[in-house]
Structure formats: structure tokens, C-alpha cells
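Undergrad: Heads up: the protein sequence lines correspond to chains L and U, in order.
Reading the first sequence from the start, the letters are residues 1 to 188 in the working numbering.
Reading the second sequence from the start, the letters are residues 1 to 422 in the working numbering.
A single structure is presented below for examination.
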Amino acid sequence: MAESSAASVAHHGHPPDVTKRDMLKLVAGATAGIGVAAVAWSLIDYMNPAQDVLALSAVEVDLNPIVAGQGITVLWQGKPIFVRHRTPQEIKQAADVPLNQLIEPQPDNARVQPGHDQWIVLVGICTHLGCVPLGNKSSDPRGEWGGWFCPCHGSQYDTSGRVRHGPAPANLPVPPYAFESDTKIKIG
Amino acid sequence: MAEQHKSEFANPVINWIDTRLPIFTMMQKEYGTFPTPKNFNYFWNFGALAMVTLVIMIATGIFLAMNYQPNTELAFGSIQHIMRDVNYGWLIRYIHQNGASMFFIVTYIHIFRGLYYGSYKKPRELLWMIGVVILLIMMATAFMGYVLPWGQMSYWGATVITNLFSAFPIVGHPIVTWLWGGFSVDNPTLNRFFSLHYLLPFVLIGVVFLHVAALHIVGSNNPLGIDVKSPQDTLPFHPYYTVKDSVGVCVFLGIFAAVVFFAPNMLGDPNNFIPANPLQTPADIVPEWYFLPYYAILRSVPDKLLGVCMLFGSILILFVLPWLDTSPVRSARFRPIYRQIIWVWLLAVVVLGICGAHKPEGIWVLLSRVCTLYYFLHFLVILPLLGKLERPLPLPESISRPVIGGGGPMPSGAAAKPMEKA
Numbered sequence: 001m002a003e004s005s006a007a008s009v010a011h012h013g014h015p016p017d018v019t020k021r022d023m024l025k026l027v028a029g030a031t032a033g034i035g036v037a038a039v040a041w042s043l044i045d046y047m048n049p050a051q052d053v054l055a056l057s058a059v060e061v062d063l064n065p066i067v068a069g070q071g072i073t074v075l076w077q078g079k080p081i082f083v084r085h086r087t088p089q090e091i092k093q094a095a096d097v098p099l100n101q102l103i104e105p106q107p108d109n110a111r112v113q114p115g116h117d118q119w120i121v122l123v124g125i126c127t128h129l130g131c132v133p134l135g136n137k138s139s140d141p142r143g144e145w146g147g148w149f150c151p152c153h154g155s156q157y158d159t160s161g162r163v164r165h166g167p168a169p170a171n172l173p174v175p176p177y178a179f180e181s182d183t184k185i186k187i188g
Numbered sequence: 001m002a003e004q005h006k007s008e009f010a011n012p013v014i015n016w017i018d019t020r021l022p023i024f025t026m027m028q029k030e031y032g033t034f035p036t037p038k039n040f041n042y043f044w045n046f047g048a049l050a051m052v053t054l055v056i057m058i059a060t061g062i063f064l065a066m067n068y069q070p071n072t073e074l075a076f077g078s079i080q081h082i083m084r085d086v087n088y089g090w091l092i093r094y095i096h097q098n099g100a101s102m103f104f105i106v107t108y109i110h111i112f113r114g115l116y117y118g119s120y121k122k123p124r125e126l127l128w129m130i131g132v133v134i135l136l137i138m139m140a141t142a143f144m145g146y147v148l149p150w151g152q153m154s155y156w157g158a159t160v161i162t163n164l165f166s167a168f169p170i171v172g173h174p175i176v177t178w179l180w181g182g183f184s185v186d187n188p189t190l191n192r193f194f195s196l197h198y199l200l201p202f203v204l205i206g207v208v209f210l211h212v213a214a215l216h217i218v219g220s221n222n223p224l225g226i227d228v229k230s231p232q233d234t235l236p237f238h239p240y241y242t243v244k245d246s247v248g249v250c251v252f253l254g255i256f257a258a259v260v261f262f263a264p265n266m267l268g269d270p271n272n273f274i275p276a277n278p279l280q281t282p283a284d285i286v287p288e289w290y291f292l293p294y295y296a297i298l299r300s301v302p303d304k305l306l307g308v309c310m311l312f313g314s315i316l317i318l319f320v321l322p323w324l325d326t327s328p329v330r331s332a333r334f335r336p337i338y339r340q341i342i343w344v345w346l347l348a349v350v351v352l353g354i355c356g357a358h359k360p361e362g363i364w365v366l367l368s369r370v371c372t373l374y375y376f377l378h379f380l381v382i383l384p385l386l387g388k389l390e391r392p393l394p395l396p397e398s399i400s401r402p403v404i405g406g407g408g409p410m411p412s413g414a415a416a417k418p419m420e421k422a
């Protein structure tokens, strides 16, 4: 306090120099900071998916060869997609589960397309740590709920791809897809 | 203006350089005459061994990069090319592959030395924390290096570990996409991992320099854990410890060579001889042995986010260890209870490692839960309480007294003087 009042007396009542310098430092620092942030963002975003990766085309899948009880795996955006032809018991099993028994409650009819409830299409990546669950072949282990079983950490999914046994926290996601005809879907 | 440095080297060329850039004076001070406690045992070799291993890893890595192709189509084949066609490629590659394991063995013993003799305590807290940073960078480097051969375990290890970040709410999935540069582990991921795997060892050298610089400010701890009190307690680093370190380096390189020549795939996973396949997860995903304890901690928790937090927490807790351990006595030699429970802690870590190698079923789940619980209890409950409850044994008056027996140093009043200066 004493110093600053002495300084202002010396400058004939003008505010002490220290304030002006503080302002200059602040403005210079802020300007440099904005510049650094702008450059840093370009470097950070550089590592996000490139345009060709984002533009990966959609995949068409012919459903004819898939018999009831079997599933196939196709690659879409580098991810495995499960397409499974469910048997009537499997559909009933999935539809009849009371929602309060589910880890992430979701009715079966919200996960299939109307009129095509024998087809379930899922991103085949375990929501725990990204392994590919087993269960497309009828010879694979399918877990207690008859859907998919993840060999890495023991998560189990039902015939609607909903998680029934941890450690996975969420259901297998349903990718965007549409029926082009009764025997052909387009994913993406 | 500034006073010119007067070099004391007789050789005129060295003198000319040293006068302008006193690197020779610095080396003489830090590695020649540097006063070092005279009572080191062979546990004090492992810092030097880690340094030697880092140099070996960088040297072999630079040569491997001359023939490696960081592209998903070519990576697996380029490793086979190095192993079969390139002159001595098998040797360079096996040294690098097993060197990672040797690096972790040496570093883990070095860390355990620090835990046993209390090297993390005042005034060495920052030295210890820089060491934990080194451990983290090492782990990141090793993880990314393991992805490069693009075998099944490379691919699925990368998938599982990068997916750890998806556990964090909201920011999790965007972070994973950002890490991958796509929607799965793929070519952009392999490219950036190669780039970073090449970069990080040089970052490591910088941080190791800070580690050594901090060590040379506060001085080395020693098996008694008491401060250096007089020049009688020390020896010049050269020739005493250069020679002692050389003995250790010879033994270490002997063991290293035996592994490289006679059992180069002992610690590898057979699945990594299969090229990466994004459509098929191997029946059992297991990380390299040096990550098994952390993997067991991750799997012991049924909740994804909590498991990931405990995995990271198990290492980050080392940062605050200097403040969790409340005992003023450093060396376990004078802490009758700590001397026993530190082995229980080590046993828990080893058992966790064994659990990590087994499928999470039956007894292994229970064992890994018990050991995870003990791991955290040790740091969070036992160490803070033990410092207050334990009755330490009487500390020796100085380092030289137990070494030269009855001869004893000066009276304590005189001994205190040089310490004040330091």
C-alpha cells in the first residue's frame, strides 16, 4: 500500500505504472493463449477420424442364405455387425421378459423393425471392453439366455442382444439399417 | 562480465572445451567424485540396469524401424521379413521383444527397493513422483509397442485397453474414437501408435534426466535409511560404484542373453503368431505378464467404471505414497512390522499377476478380489496407521558406525555440522 501510494505521488496522481504493465501482460498472455489453443485444437482434431473413414459406404446384406437359428457377421465401418435369423421360440423368449429383469430395460419390439421381428441386427462389440461375443453359430457358446456370450470377461446377452449378465453395462447397440426388400437389408 | 569457468583438466583440448562448456567438470562432479553412501547393497544396481536397458531398447528399436511397415496390410508380414530375411533381424527383434520384459523386471525390482528402504520419504518425494511418471510412460510405450506386430493379441489387446476409456461417462466414447482415429482399431490407430512408440522413449530419456538430477540434489538413500552425516559415510562414485554397477550389468546381460538365445518366446503369447482378425476375438485375451496384476484388479470389480478407476488408481496411489506412509523411519530394517507386511503386499501383487493370467472364474475371482482389497488396504489404511502404532528399532548413529564397527565417527555435535551445510 505504502509503495503504491508513493508511486502515484511521484507520477502526479496518475495511476501507478504497475497497473498498465499488468494490463499489457494480461493482453499479451491472452493473445498468445488464444493462438496456442487454436493451434492445439487443429492438432487434437487431426487425430479424429478422417473424411475417408467417415465416408465409409453402407453395406448391403442378402438375408436368403441365413437359416433360422443362425447368424452371420458382416463388416461395417470396421466393426463386426451381427445379423441373426431368430427362431419363433427365440422371439418369444425375447418378447416375454419382464423389463424389470433387465440391466438396461428395452422392449424387444424397439430393437427390431416392425414386421421383421425374426431379424435382429446388432453391432457385435461387447459394451464392456470391445471384444466380439460368440453365438452366431449354433455350435458357439450362447450363454444362459441363448443369445451371445463374450469370452473375454463373461458378459452374456439374450436373443434380443440385451445384456443379462455383467460386467457389460449396456445392450448391444442396433446400427441404422433399412429393409430394401424382404430378403435384403442396407446397413448405414 | 560473468566470471569465466576455470577448468582444471590438464589435457589442452579437454581444457579448451571445458572452459567454454564445462561438461567434463560436470561429469567429474556427478559421476566421478560424487559422494555416495558407502553401504549400498546390490539392490542399488537396478537404476543403472534400467538405464542400460533403455539404451538397448532405443538402439534396437531404431534398427527395427528401418524394416518395419506401420500399415495393417504389411505390418505382420514385415515382422516375419525381419525375423527371416533381414541379416540378424531375428537377433535385433528378439532383443527388443525380450528387452521390454527385462525393462519391467528391472524397474519393478527398482521400485520394490524404494518401497522396502523407504526411498520415497522426505526429502525424496519429488524424486519418487518423477519415478512414477517414468513408470507410466514406460507402460504406455510398452503397450503401443505390443500393438505394432499386428497379431491377434496385439489387435485385441489394443481394443480392450483403448476401450477402458469408454467407461467414463459422456466423454468416454468420443475419447475412444479420437484415440482410434476411426470407429475401430484400424490403420490410423496403428500409424499413430508407431509414431508415439518411437517418440515416447526419447521423452523417457528427458524424464530420466530429471529423475537423476533430482537424485543428485537430495542424494541417494541407503540400506540403513539414515542420512549421510559426514564424508566418512560416503565413497566417490567412481571407481567404487561404477565397478559395483558393472558387476551387476554383467550378470544382467548374461541373463538377458540367455533368454534371447535360449527362450526368446517364453514370455510371448502364441496368439500373436496369428495375424490380427477384427472379426474373431481369441478365446482368452491376456496382456503381457508385466500388466497382469493391473488386469486382475480391473477384472475383480464387476462394475465397469469402478474397475477402470481402480486399475488407474492402483498406480496413481504411488504418487501420494510419501504422505500415506506416516512413519519417519525409512528403512524396513528398523520397522519390525513393516518389514513383514511389505512382503504380504508383494505376495498380493504376485497372486494378482497369477489371477490375471487365468479366466475370471471360480477361485480366481475370489483370490483377485481379496488381493485387490489388500493392495488398497495396504496403502490407504495400514501404512497411515502403522506409522503411529509401530515401535521402530533404534537407528544407528551413522552409516560408518555399523560398517567399521567400534571405530565410530566423531561425537554427534561435530557430525551435525557438515549436514547443515548440505
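Glycine is no exception: its CB is placed at the ideal position from the N, C-alpha and C atoms.
#1: Taking the straight line between their C-alpha atoms, what separation do you get for residue 337/U and residue 386/U?
#2: For my contact list, residue 94/L and residue 159/L are in at a C-beta cut-off of 8 angstroms; report their separation, rounded to the angstrom.
#3: Given that residue 48/L touches chain U, what residues does it touch there, using C-beta distances under 8 angstroms?
#4: Is the shortest distance between the beta-carbon of residue 73/L and the beta-carbons of chain U less than 8 angstroms?
#5: Kindly list the residues whose CB is nearer than 8 angstroms to the CB of residue 114/L, restricted to its own chain and excluding five residues on each side of it in sequence; keep chain order.
#6: Per DSSP, what kind of secondary structure is residue 110/U in: helix, strand or coil?
#7: Cα-Cα, which of 126/L, 107/L, 125/L and 124/L is closest to residue 117/L?
#8: In whole angstroms, what is the alpha-carbon distance linking residue 111/U and residue 132/U?
#9: So, is the C-beta of residue 188/L closer than 8 angstroms to a C-beta in chain U?
#10: Check the Cβ of residue 192/U against every Cβ in chain L and list those closer than 8 angstroms, keeping chain order.
#11: Mapping DSSP to helix, strand and coil, what is residue 33/U?
#12: Can you give me the start and stop residues for the alpha helix (DSSP H) that residue 202/U sits inside?
#13: Is there a C-beta anywhere in chain U that falls below 8 angstroms from the one on residue 172/L?
#14: Can you tell me whether DSSP reads residue 4/U as helix, strand or coil?
#15: Would residue 208/U and residue 134/U be called neighbours here (beta carbons separated by less than 8 angstroms)?
#16: Quick check: what's the CA-CA separation for residue 42/U versus residue 256/U?
#17: Report the start-end ranges of each alpha helix (DSSP H) in the stretch 124-160 of chain U that is 4 residues or longer and not cut off at the edges.
#18: Is the beta carbon of residue 106/U less than 8 angstroms from the beta carbon of residue 50/U?
#19: Residue 163/U and residue 130/L look like a contact to me (Cβ under 8 angstroms); what is the Cβ gap, rounded to whole Å?
#20: Give the range of the beta strand (DSSP E) segment to which residue 116/L is assigned.
#21: Is it the case that the stretch 271-286 of chain U contacts the stretch 140-159 of chain U, given that we only count it when at least three CB pairs across the two stretches are under 8 angstroms?
#22: Against chain L, which members of the stretch 261-291 of chain U pass a CB distance test of less than 9 angstroms?
#23: Using three-state DSSP, classify residue 153/L as helix, strand or coil.
#24: Quick one: which residues of the stretch 356-374 of chain U get their C-beta closer than 9 angstroms to a C-beta of chain L? List them in chain order.
#25: Measuring alpha carbon to alpha carbon, tell me which residue in 39/U, 9/U, 32/U and 28/U is nearest residue 396/U.
#26: Would you please state the rounded distance, in angstroms, between the beta carbons of residue 80/L and residue 125/L? I believe it to be under 8 angstroms.
#27: Tell me, please, which residues DSSP counts as bridged to residue 79/L.
#28: For the alpha helix (DSSP H) that contains residue 249/U, what are its first and last residues?
#29: Are the C-beta of residue 85/U and some C-beta of chain L separated by less than 8 angstroms?
#30: Quick one: any contact between the stretch 214-226 of chain U and the stretch 325-336 of chain U, if contact means 3 or more CB pairs under 8 angstroms?
#31: How big is the Cα-Cα spacing for residue 16/U and residue 31/U?
#32: My assumption, with CB atoms under 8 angstroms, is that residue 5/U sits in contact with residue 130/U. Please give the rounded CB distance.
#33: Who are the near neighbours of residue 181/L in its chain, counting only those whose CB is closer than 8 angstroms to its CB and skipping five residues on each side?
#34: Put residue 270/U into one of helix, strand or coil per three-state DSSP.
#35: Among the residues of its own chain, which have a CB less than 7 angstroms from the CB of residue 360/U, if the five just before and after it don't count?
#36: Between residue 393/U and the rest of its own chain, which residues show a CB-CB distance below 7 angstroms, the 5 nearest in sequence each way excluded?
TA: Taking the coordinates as given:
#1: Your numbering for residue 337/U matches position 337 in the second sequence. Your numbering for residue 386/U matches position 386 in the second sequence. Computed Cα separation, rounded: 8 angstroms.
#2: Translated into positions along the first sequence, residue 94/L becomes position 94. Translated into positions along the first sequence, residue 159/L becomes position 159. That pair is a contact at about 5 angstroms.
#3: Indexing the first sequence from 1 puts residue 48/L at position 48. 177, 178 and 181, listed in chain order.
#4: For the purposes of this step, residue 73/L is taken as the residue at position 73 of the first sequence. Output row for residue 73/L: interface = yes.
#5: Sequence index remark: in the first sequence, residue 114/L carries index 114 (1-based). If we look at residue 114/L and ignore the five residues flanking it on each side, it has no Cβ neighbours.
#6: Translated into the one-based positions of the second sequence, residue 110/U becomes position 110. Residue 110/U carries a helical assignment under DSSP once its states are collapsed to helix, strand and coil.
#7: Within the first sequence, numbered from 1, the residue matching residue 117/L stands at position 117. Nearest option by C-alpha distance: 107/L.
#8: Counting from one through the second sequence, the residue named residue 111/U turns up at place 111. Counting from one through the second sequence, the residue named residue 132/U turns up at place 132. Their Cα atoms are separated by approximately 9 angstroms.
#9: Walking along the first sequence from the start, residue 188/L turns up at place 188. Closer than 8 angstroms: no.
#10: The residue you call residue 192/U lines up with position 192 of the second sequence. Simply 47.
#11: Residue 33/U sits at position 33 when you count from the first residue of the second sequence. In this structure, residue 33/U counts as coil in the three-state DSSP scheme.
#12: For the purposes of this step, residue 202/U is taken as the residue at position 202 of the second sequence. Element bounds for residue 202/U: 187-218.
#13: Sequence index remark: in the first sequence, residue 172/L carries index 172 (1-based). Answer no: the Cβ-Cβ gap between residue 172/L and chain U never drops below 8 angstroms.
#14: Against the second sequence, residue 4/U aligns to sequence position 4. Coil at residue 4/U, not helix or strand.
#15: For the purposes of this step, residue 208/U is identified with residue 208 of the second sequence, where counting begins at 1. For the purposes of this step, residue 134/U is identified with residue 134 of the second sequence, where counting begins at 1. Closer than 8 angstroms, so yes.
#16: By 1-based counting over the second sequence, the position of residue 42/U is 42. By 1-based counting over the second sequence, the position of residue 256/U is 256. Cα-Cα distance, rounded: 18 angstroms.
#17: Counting only runs of 4+ residues, the alpha helix (DSSP H) found wholly inside the stretch 124-160 of chain U occupies 125-147, in chain order.
#18: Within the second sequence, numbered from 1, the residue matching residue 106/U stands at position 106. Within the second sequence, numbered from 1, the residue matching residue 50/U stands at position 50. Yes.
#19: Here residue 163/U refers to the residue found at position 163 when the second sequence is read from its first residue. Here residue 130/L refers to the residue found at position 130 when the first sequence is read from its first residue. That belief holds up - the Cβ atoms of residue 163/U and residue 130/L are roughly 4 angstroms apart, short of 8 angstroms.
#20: Along the first sequence, read from residue 1 onward, the residue named residue 116/L stands at position 116. Per DSSP, residue 116/L belongs to no beta strand (DSSP E) and is neither H nor E.
#21: The stretch 140-159 of chain U, when compared against the stretch 271-286 of chain U, does touch it at the 8 angstroms Cβ threshold.
#22: 278, 279, 280, 281, 282, 283, 284 and 285
#23: Locating residue 153/L in the first sequence gives position 153, where the first residue counts as 1. DSSP places residue 153/L in coil when its eight states are reduced to three.
#24: 359, 360 and 361
#25: The residue you call residue 396/U lines up with position 396 of the second sequence. When each option's Cα is compared against that of residue 396/U, the closest is 39/U.
#26: Position 80 of the first sequence, counted from the first residue, corresponds to residue 80/L. Position 125 of the first sequence, counted from the first residue, corresponds to residue 125/L. Going by Cβ atoms, the distance from residue 80/L to residue 125/L rounds to 7 angstroms, so yes, they are a contact pair.
#27: Here residue 79/L refers to the residue found at position 79 of the first sequence. Answer is 76/L, bridged to residue 79/L.
#28: Numbered from its first residue, the second sequence carries residue 249/U at position 249. Here the alpha helix (DSSP H) through residue 249/U covers 237-262.
#29: By one-based count along the second sequence, residue 85/U stands at place 85. It does not; no Cβ of chain L falls within 8 angstroms.
#30: Counting Cβ pairs under 8 angstroms, three or more are found: they touch.
#31: Taking the first residue of the second sequence as 1, we reach residue 16/U at position 16. Taking the first residue of the second sequence as 1, we reach residue 31/U at position 31. Whole-angstrom Cα-Cα distance: 21 angstroms.
#32: The sequence position of residue 5/U within the second sequence is 5, counting from 1. The sequence position of residue 130/U within the second sequence is 130, counting from 1. No, residue 5/U and residue 130/U are not in contact; Cβ-Cβ is about 28 angstroms, not under 8 angstroms.
#33: Residue numbering aside, residue 181/L sits at position 181 when the first sequence is read from its first letter. Closer than 8 angstroms at Cβ, skipping near neighbours: no residue.
#34: In the second sequence, counting from the first residue as 1, residue 270/U sits at position 270. Residue state, collapsed to three classes: helix.
#35: For the purposes of this step, residue 360/U is taken as the residue at position 360 of the second sequence. Hits under 7 angstroms: 299.
#36: Position 393 of the second sequence holds residue 393/U. Counting only Cβ-Cβ distances below 7 angstroms, and skipping sequence neighbours, we find 334 and 336.
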